[in-house]
Structure formats: C-alpha cells, structure tokens
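Engineer:
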Amino acid sequence: SAQSAAGRHNGRRHTHTHTHTHTHTHTHTHTHTHTHNKQYKLLHNNNLTFSLFQHCVEGSCPPGWTQFGSRCFSFNFQGKSWTDAENFCKSDGGNLASVHSEEEHVFLRDYIRKVTGENKKTWMGGFDSVQEGEWMWSDGSTFDYKHWSPGQPDNAGGVEHCLEMNYRDKWNNAPCNIISPFLCSKNL
C-alpha cells in the first residue's frame, strides 16, 4: 500500500542519514620536546613534524629577527662603519653575520632584497685586518665558505679589510669605515 511504501522510504532515509553522520574524523596530536639550547614543547599535527624539526623550532627568534637553520638574522637599515655595526650586533647578543653555505648565502641575499627592495650592499662579519688575506668571521666561526666577486678580494689601496655582501650579487672587501647597513646574526 502507499502507506507502507512511504514508511519504507522514511526508513531508508533514516538509515542513509545515520550512516552519513556516522563518519568519524580522527585528529592525532602528539607533544614532542625538542631541545636546542632551551626546551620547547610543541603541540602539532603529525604531518607537520618533519617541516618543524627540519628548521628547528619555528618562530623562536626574537621579534624583528628571521630564522634560518639554527640562527637568527636581523637587517639594520641605519648605516654604520663595520666596527660600530659589529659592536651594535654584540650589544644585541650576536655578531655581524657569518655565512657557511650557498644555501645560507641565497637565503640572506633574498632576505636583504625582501626588506630593502634591492640588492643593498651590506656589512657582514668577515674581516682580514689581523693579517692581510686571512679572512675570519667576527663570531669566531670557521671561514669555510666564500662567495667573492671576480677579482675580489683585491685590497684596493691597501685599506679594504671588511666584507660586504651584494657587490654585483657577491662579496667584496671594502674600507671598514664606510657607512653601510648591516646584518646581525645570533644562535638560537
């Protein structure tokens, strides 16, 4: 009869609704403790674990600093001589930035371009004022990567003992008393 057909239809609709709303979603969150000088507790989804741990702990640099690897970097627009720039970075807990890989160089070059809108010549932590031709980083790390522009360092006029970045997209040695913006770095 029409009545029982309608009843069956209602039953079917009820069953459909029941199975449809019976889907369940599982979200797994895990707490991991990552030690890197300090302890940070992270609560995150499983699929983020790799990207977060690859770059250490996201967002753990102070405000105004940008993270790459295990270090924080800060670009300073206000020009200073190399020595004044190094002292400024030290007062902020760091040094003028050192560079240790092509990947780091590209990141810093792009970072400077992003904040200034150009490839601005920028003081980095390299110097050879102790002994001509023996380049060192002011943070004491090994001078294990070089990105000199062709023909550099040339020590023009015998007074170029400090390293600037973004000279024709590469590095140059320049007189340390030149006033330039600068890049500080410090460890996380």
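734 is the number of the first residue of the sequence shown in my numbering; add one for each residue after it. Glycine residues also receive a C-beta, built at the ideal position from the N, C-alpha and C atoms. No experiment lies behind these values; they were computed from the predicted model shown.
For T816 and N910, I'd like the C-alpha separation in whole angstroms.
Structural biologist: So the two alpha carbons sit approximately 8 Å from each other.
Engineer: Assign G884 to buried or exposed, taking buried as 16 or more other Cβ atoms, counted over all protein chains shown, within 10 Å of its Cβ.
Structural biologist: It counts as exposed.
Engineer: Can you tell me the Cα-Cα spacing of H894 and K823, whole angstroms?
Structural biologist: So the alpha carbons of these two residues sit roughly 19 Å apart.
Engineer: Are the beta-carbon atoms of L841 and F806 separated by less than 8 Å?
Structural biologist: Yes; because the gap between Cβ atoms is below 8 Å, this pair is in contact.
Engineer: Given a threshold of 16 other Cβ atoms within 10 Å of its Cβ, counted over all protein chains shown, does I845 qualify as buried or as exposed?
Structural biologist: Buried.
Engineer: Got a sec, what are the start and stop residues for the alpha helix (DSSP H) A818 sits in?
Structural biologist: Element bounds for A818: W815 to S824.
Engineer: Whole angstroms are fine: how far does the CA of P795 sit from the CA of H788?
Structural biologist: Here the model assigns H788 a pLDDT of 42, short of 50, so the residue's position is not dependable, and the following value carries that caveat. Cα to Cα, H788 sits roughly 16 Å from P795.
Engineer: In the stretch 840-916, which residue ranges form an unbroken beta strand (DSSP E) of at least 3 residues, counting only runs that do not cross its ends?
Structural biologist: DSSP runs (the beta strand (DSSP E)) wholly in the stretch 840-916: 855-860, 893-900 and 903-908.
Engineer: How many angstroms separate the CA atom of T875 from the CA atom of G850?
Structural biologist: Approximately 31 Å, taken between the alpha carbons.
Engineer: In or out: V892 buried (at least 16 other Cβ within 10 Å) or exposed?
Structural biologist: Flag for V892 reads exposed.
Engineer: Any idea if R901 is buried or exposed, counting beta-carbon neighbours within 10 angstroms, 16 or more meaning buried?
Structural biologist: The residue in question, R901, is exposed, as its Cβ has fewer than 16 Cβ neighbours within 10 Å.
Engineer: Using the Cα positions of N888 and W868, report the straight-line distance between them to the nearest angstrom.
Structural biologist: Their Cα atoms are separated by approximately 12 Å.
Engineer: Where does D872 land, buried or exposed, given buried means 16+ other C-beta within 10 angstroms?
Structural biologist: Flag for D872 reads buried.
Engineer: Within the same chain, show all residues whose beta-carbon is closer than 6 Å to that of P908, passing over the 5 residues directly before and after it, in chain order.
Structural biologist: Cβ within range, chain order: V892 and E893.
Engineer: Taking just the CA atoms, how far does G812 sit from S803?
Structural biologist: So the alpha carbons of these two residues sit roughly 26 Å apart.
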